[in-house]
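Position one of the sequence shown corresponds to residue -11 (the numbering used here), numbered consecutively onward. Glycine included, each C-beta is placed from N, C-alpha and C at the ideal position.
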Amino acid sequence: MRLPLRFPFETSFGRTEAKEFLLVSASADGLTGHGECVADPDPYYLPETNGTVLHLLRDFLVPLAFSLEIGHPREVLPAFARVRGHEMAKAALEMAVWDLWARREGVPLWRLLGGRGGRIAAGVSVGLQADVGALLENVAREVAAGYRRIKIKIKPGHDRDLVAAVRAGFPSVPLMVDANSAYRLDDAPLLRELDGFGLTMIEQPLGWDDLVDHAALQRQVETPLCLDESIRSADDARRALEIGACRVVNVKVGRVGGFAGALAVHDACRSRGAPVWCGGMLESGIGRLANVHLQTLPGFTLPGDTAASARYFEEDLVDPPVVVSPDGEIAVPDGPGLGHAIVERRVERATAFREEWTRP
Ligand code: OSB
Ligand code: MG
């Protein structure tokens, strides 16, 4: 699928102008469930790419799924255990099964996940901008829109001054930074200077596959560290919390193998008293709604990166789009599955190619 982004989104690892992703649809009994894959065309956030995901689906995961007799969607991820890694590929298929299952039962996804209806608090992630002025304008717009927490992206050379400027302009807004693995343990003195700005957390400052250096860094800074890239399973979360590599965990369904992985990370953190929040990957409404449902679980005590569809896309794949109220909340859908209509015509228009597999 290809959806143009209204504005380019820039992080320490690169710049995205259009959202290019795989959409998995699983059909049975005249019903269809959808799972949006969070892989990108490139391996700059994590190692998987759209190419590796398609390979894994076609050659391993779909054949495996066709061989299963499942009694509940939570059984899908464990059934994929023989395949090492490839969490994004597993998650896309697993999520489609959860959505299909919920639609068949006629219940909203949140109910199947063990969450609740109602509303969730929305936060927003602001990418790297051309200059400090543009960053301040963006932050002002999002604060005015009602978002409950602002995250800004940082990278070496674009860190302390950005945080200082945003903090000066917005003294009381809940504020955090995300470095997407752009720093090294040697940068601890600089990261320690961020302690003066009252940030709620520093997200993934060090290596994408590291826990040990993050633990060393956490001993040197007061601001809680949050891990994103480094957490790909509940075991990762348990290990990270046990060695003090972080105090908060960003949960992305696609990064932890699917909803079963997200629930397990949630439980691992909750039982250790660590808050979690839901990250984002510039998803279309399909993945965005999946994130909305997940955030109704009790351990999601901090606003996530789930913003309104209109921040990203001229026209989303779901109708109605995801909207954020003036007081920074998103309504949790009550319809079956994801709960908003998928606009087939828009899905068709955004489709670059499709592949279909049938159970033998
Ligand atoms: O690290 O959380 C991240 C976007 C793409 C890849 C990684 C990340 C992000 C974001 C944006 O921060 C979250 C969103 O608005 O969907
Ligand atoms: Mg992140």
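Inter-stretch contact at 8 Å, needing at least 3 Cβ pairs: the segment 330 to 342 / the segment 35 to 50:
no
Is the number of C-beta pairs between the segment 200 to 207 and the segment 248 to 268 that are closer than 8 Å three or more?
no
Please state if the CB of Val114 and the CB of Lys141 are separated by a distance shorter than 8 Å.
yes
In its own chain, which residues sit with a C-beta less than 8 Å from the C-beta of Asp349, not counting the 5 before and 5 after it?
The requested residue 349 is not part of the displayed model; the chain covers only -11 to 348.
Can you tell me which of Val236, Ala118, Met269, Leu88 puts its alpha carbon nearest to the alpha carbon of Met164?
Val236
Taking 7 Å as the cut-off, is the C-beta of Asn168 nearer than that to any heavy atom in the ligand OSB?
For the ligand OSB, at least one heavy atom lies less than 7 Å from the Cβ of Asn168.
Report yes if the C-beta of Tyr135 is less than 7 Å from at least one heavy atom of the ligand OSB; otherwise report no.
no
Using a Cβ distance threshold of 8 Å, determine whether the segment 291 to 300 contacts the segment 44 to 53, with at least three qualifying pairs required.
no
Gly353 - containing beta strand (DSSP E), residue span
Coverage of the chain is limited to positions -11 through 348, which leaves residue 353 absent and any answer about it impossible.
Those runs of the beta strand (DSSP E) which lie wholly inside the segment 166 to 243 and span at least 3 residues
213 to 215, 236 to 239
Note down the Cα distance separating Thr339 from Gly323, rounded to an integer number of angstroms.
25 Å
Is Asp255 near the ligand OSB, judged by its Cβ being under 7 Å from some heavy atom?
no
Under the assumption that Ala80 contacts Leu10 (Cβ atoms under 8 Å), give the Cβ distance between them as a whole number of angstroms.
The Cβ separation is near 6 Å, so the contact holds.
State yes or no: is the C-beta of Met269 nearer than 7 Å to some heavy atom of the ligand OSB?
yes
Quick check on the burial criterion: 16 or more other C-beta atoms within 10 angstroms. Buried or exposed for Ser218?
buried
Under 8 Å between the Cβ atoms of Leu19 and Leu97?
no
Below 8 Å on the Cβ atoms is my contact criterion, and I expect Leu100 with Ala77 to pass it. Report the Cβ-Cβ distance as a whole number of Å.
Leu100 to Ala77, Cβ: 22 Å. No contact.
Is the beta carbon of Thr284 within less than 7 Å of some heavy atom of the ligand SAH?
For the structure depicted, the ligand SAH is absent and the ligand set comprises only the ligand OSB and the ligand MG.
What's the gap between the Cα of Arg172 and the Cα of Pro193?
8 Å
Tell me which residue opens and which closes the alpha helix (DSSP H) that Arg99 is part of.
97 to 101
Would you kindly report the start and end of the unbroken beta strand (DSSP E) that includes Ile140?
138 to 141
Going along the chain, which unbroken runs of the beta strand (DSSP E) with 3 or more residues stay wholly within the segment 75 to 136?
The segment 75 to 136 contains these whole beta strand (DSSP E) runs: 106 to 109, 112 to 114.
Taking Cβ to Cβ, would you say His254 is nearer than 8 Å to Gly287?
Going by C-beta atoms, His254 is nearer than 8 Å to Gly287.
Between which two residues does the beta strand (DSSP E) holding Cys266 run?
264 to 266
Less than 8 Å between the C-beta atoms of Val209 and Leu178, yes or no?
Contact: no.
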